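**Q** Encoded as structure tokens, here's the structure I'll be asking about.
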């Protein structure tokens, strides 16, 4: 069944048993991001120490893709240097914008490569990106509290969402 | 598939004189397949309806034979185009029981029709005493309901912000109906306008317009009705309803996108300030200022959506041909059948009236898996799509309703004159499949 390419078992596992979930103290920045078209919401906190992502915690509501993505993302970036984590975010974004043509580097993206199939479904790409954009926004605020980061889903997603519906394989 | 319980007597009885299989042949898109040869099961008509050949042919013929700008040429094509455009005004007026064709204003969609009234009200500030009925300011109140589509909520929030007026609303009961217990306390002497939805796009509820209009009249408030989900589905008569304005849209009633309708009582339109300025809405223009055309043209600035209006005329003819009472009876039967059938799906909760009384064919619901965990509507919609079943998921541009019922979103199946009980069966079977997928 074609859907299995989107609903990978790994995604369903993260959806059923999400990692790092729950809002924790201490934190340096907290953001709330929404996906207005489908009602997905995430509140996400970041704690940064010495250029390293020390903790990411979140409460979220949404579909299996957005829930699983928050779990995978937080597990991937916690403990990484900020620059490294931002590089992973760029790689994940590129994967999500690949319209099903990329597989992703499993050595670097780990469980996040399971979302490669989601990139074939334009309406779902923003679900997978929601928590990543929230994390990027929160991290920017944590590093430089004065910066009003432009890392919103709306700013990051259009390129991915321009995929014509007919191009669904 | 089999459904355990026998239906209530007559619930799915075919409507006399209405052959849905024959009707479906008028809609070419219903014959297409999706995802490798699966038949299309289109249950998203509340978002937009499909279009019959008659409408497609009318638009094509307009461009092939009559295309010209309207109201401004003296050549043959311009006269033909104008005649076709204005003929739709007559058809629409008759369709909704308007007494005067000048009461029908063409807009882009329902949203623009509603904004037109809201902006006319704030424009009354800079208009003469003839527009007193529309003037609104601090201390005045605007009343809507908690089940409005955002298009009948946000324009009034914006009007309140522009003018300093206060927005109030009629709340909902747990089964998705308006709570009219404190109606007199919500609509008071301070109320200048009451704007409400006729049939909710998310709950399916058909509201008791007469009762609310009676109260609004008592306090001298204007009344606006959002008929986007009612006019396409059952007979709507503006004289019977007693409202001052009715907004609806072509694309939900088998017409093309891009054309909506604002109907307003002539004596009000005659003194209502314009919203958009430009060509065609004027009388005399100098560099210093302008006077405005009488209605309806005062509210139709610029070149209108001519081919879409022509298509709307064909759609109205098509609906009248089938008969609005027959369409309403067919959809009522399908809705009753669907409410019964959905009740057999474990873990499914309908958000909205659970019975087909005073409710239309837009049915929202939430679903849980075998362990009672919620399955997000986005996932429900995705798996139904894989079976060729098109539903809408999300908050349906009515987020306050989701907040009221404490759900992040719903799945909505919505019907139209071409929907069959077989398609409802496919939906029910699909929902069992969704539960299996997420309970594995």
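Protein chains in written order, with the numbering used here: chain A, 8 to 176; chain B, 700 to 1139.
Virtual Cβ for every residue (Gly too), placed ideally from N, Cα, C.
Bear in mind the structure is a predicted one, so any value in this text is a computation, not a measurement.
#1: By the three-class DSSP mapping on this structure, what secondary structure does residue 810 (chain B) have?
#2: Between the region 71-94 of chain A and chain D, which residues of the former have CB atoms less than 7 Å from a CB of the latter, in chain order?
#3: Is residue 836 (chain B) close to chain A, meaning its C-beta is less than 8 Å from at least one C-beta of that chain?
#4: Report yes if the CB atom of residue 754 (chain B) is closer than 8 Å to the CB atom of residue 1014 (chain B), and no otherwise.
#5: If you follow the alpha helix (DSSP H) that residue 133 (chain A) is in, where does it begin and where does it stop?
#6: With a threshold of 6 Å on Cβ separation, who are the neighbours of residue 1138 (chain B) within its own chain once the five nearest residues in sequence on each side are excluded?
#7: Using a Cβ cut-off of 7 Å, pull out every chain A residue sitting near residue 1093 (chain B), in sequence order please.
#8: Using 8 Å as the limit for Cβ to Cβ distance, is residue 739 (chain B) near chain A?
#9: To be precise: take each residue of the region 1084-1111 of chain B, compare its Cβ to all Cβ atoms of chain A, and keep it if any distance is under 7 Å. Which residues remain?
#10: Can you pull the chain B neighbours of residue 68 (chain A), defined as C-beta to C-beta under 8 Å?
#11: Against residue 743 (chain B), what residues of chain A qualify as contacts under a CB-to-CB distance less than 8 Å, listed in chain order?
#12: At the level of alpha carbons, what is the spacing between residue 882 (chain B) and residue 1101 (chain B)?
#13: Strictly by DSSP, which residues pair up with residue 790 (chain B)?
#14: For the region 776-788 of chain B against the region 982-991 of chain B, are there 3 or more C-beta pairs whose distance is under 8 Å?
#15: Could you spell out the range, first to last residue, of the beta strand (DSSP E) harbouring residue 1101 (chain B)?
#16: So, do the region 111-128 of chain A and the region 65-83 of chain A have three or more beta carbon pairs nearer to each other than 8 Å?
#17: Going by Cα to Cα distance, which pick from A:15, A:125, A:34, A:43 is closest to residue 142 (chain A)?
#18: If you draw a straight line from the alpha carbon of residue 703 (chain B) to that of residue 1045 (chain B), how long is it in whole angstroms?
#19: Alpha carbon to alpha carbon, what distance is there between residue 860 (chain B) and residue 23 (chain A)?
#20: Using a Cβ-Cβ cut-off of 7 Å (strictly less than) and excluding sequence neighbours within five positions of residue 1123 (chain B), which residues of its own chain qualify?
#21: In angstroms, rounded to a whole number, what distance separates the CA positions of residue 140 (chain A) and residue 980 (chain B)?
#22: For residue 717 (chain B) versus residue 1031 (chain B), is the C-beta spacing smaller than 8 Å?
#23: First and last residue of the alpha helix (DSSP H) that includes residue 1023 (chain B)?
#24: Terminal residues of the continuous alpha helix (DSSP H) containing residue 1080 (chain B)?
#25: Taking the CB atoms as reference points, tell me whether residue 1109 (chain B) and residue 1050 (chain B) lie closer together than 8 Å.
#26: If we ignore side chains and look at the alpha-carbon of each, how far apart do residue 54 (chain A) and residue 63 (chain A) end up?
#27: Select from B:1107, B:1021, B:1026, B:1020 the residue whose C-alpha is nearest the C-alpha of residue 1063 (chain B).
#28: Rounded to whole angstroms, how far is the Cβ of residue 18 (chain A) from the Cβ of residue 121 (chain A), which I believe are closer than 8 Å?
#29: With a CB to CB cut of under 6 Å and the five nearest residues on each side skipped, what residues in its chain are close to residue 961 (chain B)?
#30: Would the beta-carbon of residue 1143 (chain B) fall within 8 Å of that of residue 790 (chain B)?
#31: Answer with buried or exposed for residue 922 (chain B), where buried requires no fewer than 16 other C-beta atoms within 10 angstroms of its C-beta.
#32: Could you tell me the boundaries of the beta strand (DSSP E) in which residue 61 (chain A) lies?
**A** According to the data block:
#1: helix
#2: No chain D is present in this structure, whose protein chains are A and B.
#3: no
#4: yes
#5: 129-150
#6: 1068, 1069
#7: 44, 45, 46
#8: no
#9: 1085, 1092, 1093, 1094, 1101, 1107, 1108
#10: 1107
#11: Residues of chain A passing the Cβ test: none, with the nearest at roughly 13 Å.
#12: 22 Å
#13: Answer is none; residue 790 (chain B) lacks a bridge partner.
#14: no
#15: Looking at the DSSP string, residue 1101 (chain B) is not in any beta strand (DSSP E); the run it does join, the alpha helix (DSSP H), is 1098-1103.
#16: yes
#17: A:34
#18: Only weak support is given to the placement of residue 703 (chain B): the predicted model assigns it a pLDDT of 39, under 50, and the value that follows is read from those uncertain coordinates. Straight-line Cα distance between these residues: approximately 13 Å.
#19: 44 Å
#20: 1033, 1036, 1037, 1040
#21: 46 Å
#22: no
#23: 1023-1041
#24: 1076-1085
#25: yes
#26: 7 Å
#27: B:1107
#28: 5 Å
#29: 804, 806, 812, 815, 946
#30: Beyond the ends of chain B as shown, which are 700 and 1139, falls residue 1143 (chain B); an answer cannot be given.
#31: buried
#32: 59-68
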